[in-house]
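J.:
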Amino acid sequence: MRSELRLHAVGRRYGLRGPWVLRGVDLCLPPGTLVRIEGANGTGKSTLLRLLAGIDAPSEGRITGRPRTAYVPERFPPALPFTAAAYLTHLGTVHGLSRRAAASAAGRWLERLGAAGHAGTPLERLSKGGSQKVAVAQALLAEPDLLILDEAWTGLDADAREELERAVAERTAAGGAVVFVDHDPRRLAGAPDATYTVRDGALHRRTAPAPVADGPHVVVRAHGPRDGTPPAEALRTAARAVEERPGRYTLSVPASRSDVLLRALLTAEPPWHVASVHAEEDAREPAQEGLR
0 MRSELRLHAV
10 GRRYGLRGPW
20 VLRGVDLCLP
30 PGTLVRIEGA
40 NGTGKSTLLR
50 LLAGIDAPSE
60 GRITGRPRTA
70 YVPERFPPAL
80 PFTAAAYLTH
90 LGTVHGLSRR
100 AAASAAGRWL
110 ERLGAAGHAG
120 TPLERLSKGG
130 SQKVAVAQAL
140 LAEPDLLILD
150 EAWTGLDADA
160 REELERAVAE
170 RTAAGGAVVF
180 VDHDPRRLAG
190 APDATYTVRD
200 GALHRRTAPA
210 PVADGPHVVV
220 RAHGPRDGTP
230 PAEALRTAAR
240 AVEERPGRYT
250 LSVPASRSDV
260 LLRALLTAEP
270 PWHVASVHAE
280 EDAREPAQEG
290 LR
């Protein structure tokens with residue numbers, strides 16, 4: 000069973016007499032949760048993420064139930080004596096993977112993020128975008144139970160940004176928790192289970208309706224047991240789910256997360272029949288029919 004990270008009245012300041020950056024923070028991160036953290040510059044967002052990642056210790060309060068955690072920092076230190084592939088393989092073994100499994104995972108994530116051509120490049124010679132891809136890959140290597148992303152999309156090209164969004168959906172669908180900060184308010188719009196604002200050293204949950212994700216969406220029509228509902232992973236990934244009649248649902252999902260939703264439907268027990276998949280802009284021309 001995955002553990003549930005909890006912050007109990009957590010505070011953090013730097014130095015014995017320094018001002019409190021955060022104080023009295025209570026937070027619970029159940030498995031499968033996607034959480035967005037917002038706030039103005041200098042309010043303590045990165046400090047909160049470092050506490051969640053276990054990089055910093057609280058000055059007061061307690062943190063319990065820490066799961067296996069991976070962290071993409073706002074600034075990645077590139078001046079290390081490794082090539083990209085060697086660095087990722089080394090970190091994979093640190094996370095408990097065998098060397099062969101670590102090397103395989105390193106190659107897979109470099110490929111997914113469009114950086115396979117830089118596998119043999121020393122870290123110090125990578126571009127900012129290349130370094131950021133390595134930073135993202137190292138966090139995803141061992142499929143963490145808690146993924147912390149501090150401006151992780153910054154510096155990535157469009158394809159890599161989309162791939163990271165897909166990876167986030169995969170983590171939460173698999174029961175992992177993800178916490179992220181991003182300057183773009185449209186990032187993963189409509190997907191977070193909760194959004195918090197850091198203000199005046201405290202954490203405030205946003206209660207206003209979350210924005211709906213822009214960009215292309217995919218509509219999936221699926222049939223399941225007459226008295227059934229789609230699997231939790233599918234509902235968590237979907238932006239909208241409507242029951243047309245018992246056991247028949249129409250789900251809308253951002254295109255970058257559609258494969259996660261389809262996998263959740265097709266691998267459910269009992270499996271769901273995917274009747275059609277099409278772009279939301281053109282409901283008359285299904286892209287695929289009768290997937291099983």
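Start counting the sequence shown at 0; every next residue gets the next number (this note's numbering). Where a beta carbon is used, it is the ideal one built from N, C-alpha and C, also for glycine. The structure presented is a predicted model; accordingly, all values stated were derived computationally and were not measured.
Around the C-beta of L15, are 16 or more other C-beta atoms found within 10 angstroms, so that it is buried, or is it exposed?
T.: exposed
J.: On the premise that E150 lies in contact with L187, defined as a C-beta separation below 8 angstroms, what is that separation, rounded to the nearest angstrom?
T.: In fact, because the Cβ distance is near 13 angstroms, the residues do not count as touching under 8 angstroms.
J.: Secondary structure at H277, three-state DSSP: helix, strand or coil?
T.: strand
J.: Tell me where the alpha helix (DSSP H) around H89 begins and ends.
T.: A83 to V93
J.: Consult DSSP for L235 and reduce its assignment to one of helix, strand or coil.
T.: It is worth fixing the name first, because residue 235 is Arg in this sequence and not Leu. Of the three classes helix, strand and coil, the one that applies to R235 here is helix, per DSSP.
J.: Going along the chain, which residues of its own chain have a beta-carbon closer than 7 angstroms to the beta-carbon of S255, five neighbours each way excluded?
T.: E161, E164 and R165
J.: Look at the alpha carbon of Q137 and the alpha carbon of L90, and state the distance between them as a whole number of angstroms.
T.: Across the structure, Q137 and L90 are spaced so that their CA atoms are roughly 7 angstroms apart.
J.: Could you name the residues of the same chain whose beta carbon sits closer than 8 angstroms to that of L96, not counting the 5 residues immediately before and after it, in chain order?
T.: A104, L140 and A141
J.: Would D192 count as contacting chain C if we go by Cβ distances under 9 angstroms?
T.: Chain labels in this structure do not include chain C; a single protein chain is all it has.
J.: By the three-class DSSP mapping on this structure, what secondary structure does D144 have?
T.: coil
J.: With respect to the alpha helix (DSSP H) encompassing E164, which residues constitute its N-terminal and C-terminal limits?
T.: First-last of the alpha helix (DSSP H) with E164: A157 to A172.
J.: I'd like the span of the beta strand (DSSP E) that includes R292, first residue to last.
T.: The requested residue 292 is not part of the displayed model; the chain covers only 0 to 291.
J.: Just to confirm my understanding: we take G200, look at its own chain, exclude 5 residues before and 5 after, and list those with CB closer than 7 angstroms. What are they?
T.: W19, V20, L21, R22 and G43
J.: Ends of the alpha helix (DSSP H) at R35?
T.: Element bounds for R35: not the alpha helix (DSSP H) but the beta strand (DSSP E), L33 to E37.
J.: Counting Cβ pairs, one atom from each stretch, are 3 or more of them under 8 angstroms apart for the segment 61–69 and the segment 102–121?
T.: Judged by pairs of C-beta atoms under 8 angstroms, the segment 61–69 does not touch the segment 102–121, as fewer than three such pairs exist.
J.: Using 9 angstroms as the threshold, is the C-beta distance between P269 and P224 below it?
T.: The answer is yes: Cβ separation under 9 angstroms.
J.: Give the straight-line distance between the Cα atoms of A84 and V259, rounded to the nearest whole angstrom.
T.: 27 angstroms
J.: Output the boundary residues of the beta strand (DSSP E) element that contains S251.
T.: First-last of the beta strand (DSSP E) with S251: R247 to P253.
J.: Is it the case that the Cβ atoms of L145 and V177 are separated by a distance below 9 angstroms?
T.: yes
J.: Once you ignore the five residues that flank L148 on each side, which residues in its own chain have a CB closer than 6 angstroms to its CB?
T.: V71 and F179
J.: H222 and A278 - do their beta-carbons sit closer together than 9 angstroms?
T.: no
J.: Take the Cβ of V241 as the centre, count every other Cβ of all protein chains shown within 10 Å, and call the residue buried at 16 or more, exposed below.
T.: exposed
J.: Compute the beta-carbon to beta-carbon distance between P230 and L261, rounded to the nearest angstrom, for a pair I have assumed lies under 8 angstroms.
T.: Actually they are not in contact, since the Cβ atoms of P230 and L261 sit about 11 angstroms apart, beyond 8 angstroms.
J.: Quick one, which of T236, Q131 and E3 has its alpha-carbon nearest L87's?
T.: Q131
J.: Would S2 and P57 qualify as a contact pair, given that the criterion is a beta-carbon distance under 9 angstroms?
T.: no
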